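A.B. asks: Using full-length UniProt numbering, read the first sequence as starting at 1 and increasing by one per residue.
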Amino acid sequence: MADRSPSLPDLPILQFEEKIAETVEKNPVVVIIGETGSGKSTQLSQILHRRGYTKSGIVGVTQPRRVAAVSVARRVAQELGVKLGEEVGYAIRFEDRTSERTRIKYLTDGVLLRESLSNPELSEYSVIILDEAHERSLNTDILLGLMKRLVKIRSSNLRVLITSATLDGNKVSNFFSDCPVLNVPGKLYPVEIVYSRERPTSYLESSLRTALNIHVREPEGDVLIFMTGQDDIDKLVSKLEDEVRSLQEGSCMDAIILPLHGSLPPELQVRVFTPPPPNCRRFIVATNIAETSLTVDGVVYVIDSGYVKQRGYNPSTGMYSLDVVPVSKVQADQRAGRAGRTRPGKCYRLYPSTVYQDEFLDVTVPEIQRSSLAGSVLYLKSLDLSDIDILRFDFLDSPSYGSLEDALKQLYLIDAIDEDGSITSIGRTMAELPLEPSLSRTLMEANEYGCLSQALTIAAMLSAETSLLPGRSKGTEKKRRHSADLPDGSGLGDHIQLLQIFEQWDQNDYDIGWCKENNLQVRGMLFVKDVRKQLCQIMQKKAKGTLDVRTSESRKERRDDYRNLRKALCVGFANQLAERMTLHNGYRTIGFKSQLVQVHPSSVLGTDEQGMYPDFAVYHELITTSRPFMRNVCAIDMKWVVPILKKLEKVNVNKLSGGYSQTEEGNDGKSAFLPKEDVSPAKVLPDNESRIQAARERFLARKAKK
DNA sequence: GAGCACTGC
């Protein structure tokens with residue numbers, strides 16, 4: 001591979017090559033603050049290659065997103081004049097384009113985590129660059145902790161570079177024993193920030209007025225408007241269309257108004273990449289997707305509502321939520337930067353500067369503090385790092401004690417760890433599967449009951465579930481769940497329906513047209529097929545029966561009630577069970593702090609002659625939107641629940657966590673982020689026990705009645 | 001009888 005291509009682009013970072021090389025030479029960890037347009041993603045790896053770091057190993061660069069890993073690798077291969085997949089390659093899920101000759105490797109952080117599972121010292125790498133670490137994805141945060149440990153073990157032959165944002169560069173440096181921080185300027189044009197005098201009562205209305213003002217008064221250039229979700233986007237798009245239409249002819253240029261969000265079909269998403277005809281201004285009304293994932297060229301004006309829709313998780317109830325929250329300063333700056341990519345721009349913030357200064361957090365709350373940690377904890381346990389105790393694991397930002405406790409409890413209930421918190425052999429197999437722990441456990445149990453092939457399908461379908469639904473357009477709603485053509489889950493619930501849908505697609509030879517006819521998202525269904533294939537490869541050696549999708553005809557004839565499959569789900573989702581109220585169709589969750597929930601209206605779960613839902617159910621997810629709902633529900637037998645209730649009684653979080661309690665030094669002060677809930681084990685347990693006792697009594701009464 | 005921001009193995 002050539003050391004220097006004649007066509008190297010003129011990027012700011014190249015002026016710092018000497019300084020970077022010198023600093024990396026002397027320090028095992030270096031933080032690089034690289035603004036947008038600095039070229040850090042494509043150039044850092046090449047600088048280190050020129051300095052000889054690819055002689056002793058691979059230079060690996062992680063990216064939080066698949067498309068970024070692919071496109072940056074392609075670019076670097078081009079700049080170095082080599083064929084992609086040879087000296088320069090990439091690895092993402094389902095696609096490994098590397099070879100023995102690969103010296104520079106771009107990969108998603110998830111793939112690097114997988115690699116470290118089989119090679120904890122990542123010995124083939126001489127350099128690891130964690131790019132976009134300021135985005136603080138769950139995987140990046142785990143990697144940051146692992147890197148801190150790894151540089152101690154491999155101090156002589158590993159270099160770690162972390163790229164971050166201005167606002168938390170020092171924090172990352174502190175985390176790595178005050179390692180050096182290098183600033184690399186970006187190549188953005190100046191963006192003038194225009195603040196509102198006060199917060200608008202309706203930011204939809206305010207966005208509309210601001211957009212129209214730009215259209216009438218400002219010179220040409222596209223407008224990017226950040227909204228929180230599809231609903232508001234649709235409303236604003238239609239209002240803008242009305243208003244623009246009513247503008248006097250000839251008073252201003254033409255306009256094209258485009259929505260842009262994740263649930264938009266890909267063919268509509270790519271419309272934003274088509275440049276507008278002359279004398280025409282585009283309005284792109286977008287979610288966060290335009291903040292980092294998609295870059296729209298031609299944007300000169302940005303309107304920032306100051307809000308974002310963000311997922312949260314409450315570990316004491318197991319409940320997810322989607323909340324509209326103020327953006328962080330980093331996010332607001334990122335949004336503003338979208339106006340200065342091609343020439344000087346303007347950003348209209350629909351809030352006063354005091355709100356930015358005093359109310360916005362510096363950085364977005366990291367994902368690790370907003371997610372269930374069962375999967376991450378199981379992952380870390382399976383690494384067998386004898387020098388690391390999970391509850392003392394060194395995170396850049398620690399998750400709360402309650403959140404780790406929730407993860408341990410769940411892992412214990414599904415047999416992934418024993419009562420002392422040590423990983424079991426079941427847990428080890430689970431960690432190998434690219435699934436949430438409950439689904440991994442379901443697969444293993446299903447394997448024992450001879451219904452692995454069905455469980456594989458359900459696991460794959462649930463991995464993609466949200467992207468299977470068609471966009472919410474009038475007339476097609478309800479169709480997915482209640483269409484006459486699609487199976488209905490035999491009244492047993494959504495898991496079974498998902499299984500039946502995939503089986504039917506299989507019987508239709510994976511015909512794309514069939515998906516379209518049934519309003520199933522093609523992209524989502526193809527993803528399911530890929531996931532299932534990947535899961536099959538991993539489970540092949542362990543499988544006790546066939547992995548084929550198609551169940552044999554004879555079996556279909558004797559009216560399968562999916563008992564084994566539902567029993568396996570019950571074991572895998574032992575932490576996600578609910579019991580119906582005696583007199584109505586509401587449920588209360590078992591195992592968490594008492595929580596009243598309802599079956600989501602989109603569910604196909606059937607009722608009996610009295611219109612009542614089954615006594616017990618397993619759910620895939622609890623989510624609060626307008627109210628707390630169970631999403632994806634499956635009927636289960638009460639007798640399957642009894643052993644789980646017994647196990648719940650035995651849960652001793654103090655033992656699971658190795659006697660480490662919240663009050664001990666080291667973890668306090670860092671962990672207060674969620675709604676203040678008392679999650680100390682001493683208080684939760686008695687309450688839990690009495691609740692379980694009551695549930696058992698109700699269960700026995702019911703049994704007697706029947 | 002309600003709705004889903006965005007990623008990823």
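Ideal Cβ placement from N, Cα and C applies to all residues, glycine included.
All of these numbers come straight from a predicted model, not from anything done at the bench.
Measuring alpha carbon to alpha carbon, tell me which of D222, V285 and F226 ends up nearest D254.
C.D. replies: D222
A.B. asks: Taking all protein chains shown into account, decide if C515 is buried (16 or more other Cβ within 10 angstroms of its Cβ) or exposed.
C.D. replies: Buried: at least 16 other Cβ atoms inside 10 Å.
A.B. asks: At the level of alpha carbons, what is the spacing between K647 and Y301?
C.D. replies: 58 Å
A.B. asks: How is the beta strand (DSSP E) around T42 delimited, first residue to last?
C.D. replies: Not the beta strand (DSSP E): T42 falls in the alpha helix (DSSP H), residues K40 to R50.
A.B. asks: Using only the alpha-carbon positions, how far apart do V111 and G450 sit?
C.D. replies: For V111 and G450, the distance between alpha carbons rounds to 31 Å.
A.B. asks: How many angstroms separate the CA atom of S137 from the CA atom of I368?
C.D. replies: 7 Å
A.B. asks: Would you mind listing the beta strand (DSSP E) stretches within the segment 319 to 371 that are 3+ residues and don't spill past its ends, in chain order?
C.D. replies: Given a length threshold of 3 residues, each whole run of the beta strand (DSSP E) inside the segment 319 to 371 is given here in chain order: 319 to 326 and 345 to 349.
A.B. asks: Can you look up L312 in the DSSP assignment and give me helix, strand or coil?
C.D. replies: As written in the sequence, residue 312 is Gly, which differs from the Leu given in the question. It is a strand residue.
A.B. asks: Just tell me which of R154, N585 and I142 has its CA closest to the CA of E124.
C.D. replies: R154
A.B. asks: Does DSSP classify P399 as helix, strand or coil?
C.D. replies: P399 falls in the coil class under three-state DSSP.
A.B. asks: Pick out whichever of R217, S238, L486 and L236 has its Cα sitting closest to the Cα of S251.
C.D. replies: R217
A.B. asks: Mark N183 as exposed unless 16 or more other C-beta atoms lie within 10 angstroms of its C-beta, in which case mark it buried.
C.D. replies: Under a 10 Å Cβ-count criterion, N183 is classified as exposed, with fewer than 16 other Cβ atoms of the shown protein chains found around its own Cβ.
A.B. asks: Go to H620, then tell me how far its beta strand (DSSP E) extends in each direction, as first and last residue.
C.D. replies: F616 to T624
A.B. asks: Counting Cβ pairs closer than 8 Å, one from the segment 539 to 547 and one from the segment 405 to 419, do we hit at least three?
C.D. replies: no
A.B. asks: Quick check for students: name the residue ranges of the alpha helix (DSSP H) that lie wholly in the segment 110 to 172, counting only runs of 4 or more.
C.D. replies: 138 to 153
A.B. asks: My assumption, with CB atoms under 8 Å, is that S321 sits in contact with T589. Please give the rounded CB distance.
C.D. replies: The Cβ separation is near 15 Å, so there is no contact.
A.B. asks: Who does F273 pair with in a DSSP beta bridge?
C.D. replies: DSSP, once it has assigned bridges, lists no residue as partnering F273.
A.B. asks: Under a three-way DSSP split, which group does G421 fall into?
C.D. replies: coil
A.B. asks: Reducing DSSP to helix, strand and coil, say where K55 ends up.
C.D. replies: coil
A.B. asks: Exposed or buried, what is R245 when buried is set at 16 or more other beta-carbons lying within 10 Å of its beta-carbon?
C.D. replies: exposed
A.B. asks: Please determine if the segment 557 to 576 and the segment 595 to 606 are in contact, where contact requires at least 3 C-beta pairs separated by less than 8 Å.
C.D. replies: Output reads no: the segment 595 to 606 does not touch the segment 557 to 576.
A.B. asks: Check whether the segment 137 to 153 touches the segment 94 to 107, counting contact only when three or more Cβ pairs, one atom from each stretch, lie closer than 8 Å.
C.D. replies: no
A.B. asks: Which residue from G493, E291 and E135 puts its Cα closest to that of C634?
C.D. replies: For the residues G493, E291 and E135, the minimum Cα distance to C634 belongs to G493.
A.B. asks: Is residue 723 helix, strand or coil when you go by DSSP?
C.D. replies: Outside the shown range of the chain (1 to 706) lies residue 723, about which nothing can therefore be said.
A.B. asks: Do A339 and V191 have their beta-carbon atoms positioned less than 7 Å apart in this structure?
C.D. replies: Yes.
A.B. asks: Take the Cβ of E205 as the centre, count every other Cβ of all protein chains shown within 10 Å, and call the residue buried at 16 or more, exposed below.
C.D. replies: exposed
A.B. asks: Taking Cβ positions, are S45 and V24 nearer each other than 7 Å?
C.D. replies: no
A.B. asks: Rounded to a whole number of angstroms, what is the C-alpha to C-alpha distance between E121 and P28?
C.D. replies: Whole-angstrom Cα-Cα distance: 15 Å.
A.B. asks: Once you ignore the five residues that flank R74 on each side, which residues in its own chain have a CB closer than 7 Å to its CB?
C.D. replies: L84
A.B. asks: Using only alpha-carbon positions, find the residue among E419, Q331 and S156 that is nearest to A165.
C.D. replies: Q331
A.B. asks: Check whether the Cβ atoms of L408 and S657 sit closer than 7 Å, and answer yes or no.
C.D. replies: Taking 7 Å as the Cβ cut-off, L408 and S657 qualify as a contacting pair.
A.B. asks: What first and last residue would you give for the beta strand (DSSP E) that runs through P259?
C.D. replies: D254 to L260
A.B. asks: Could you pull the start and end residues of the alpha helix (DSSP H) that A21 belongs to?
C.D. replies: E17 to K26
A.B. asks: In whole angstroms, give me the CA-to-CA distance for C179 and G39.
C.D. replies: In this model, C179 and G39 are separated by some 22 Å (Cα to Cα).
A.B. asks: So if DSSP puts residue 726 in a beta bridge, which residue, or which two residues, is it bridged to?
C.D. replies: Summary: the structure shown does not reach residue 726, with the chain confined to residues 1 through 706, and so no result is reported for it.
A.B. asks: Would you mind stating whether E317 and K26 have Cβ atoms separated by less than 7 Å?
C.D. replies: Here residue 317 turns out to be Thr, not Glu, going by the sequence shown. For T317 and K26, no; Cβs fall outside 7 Å.
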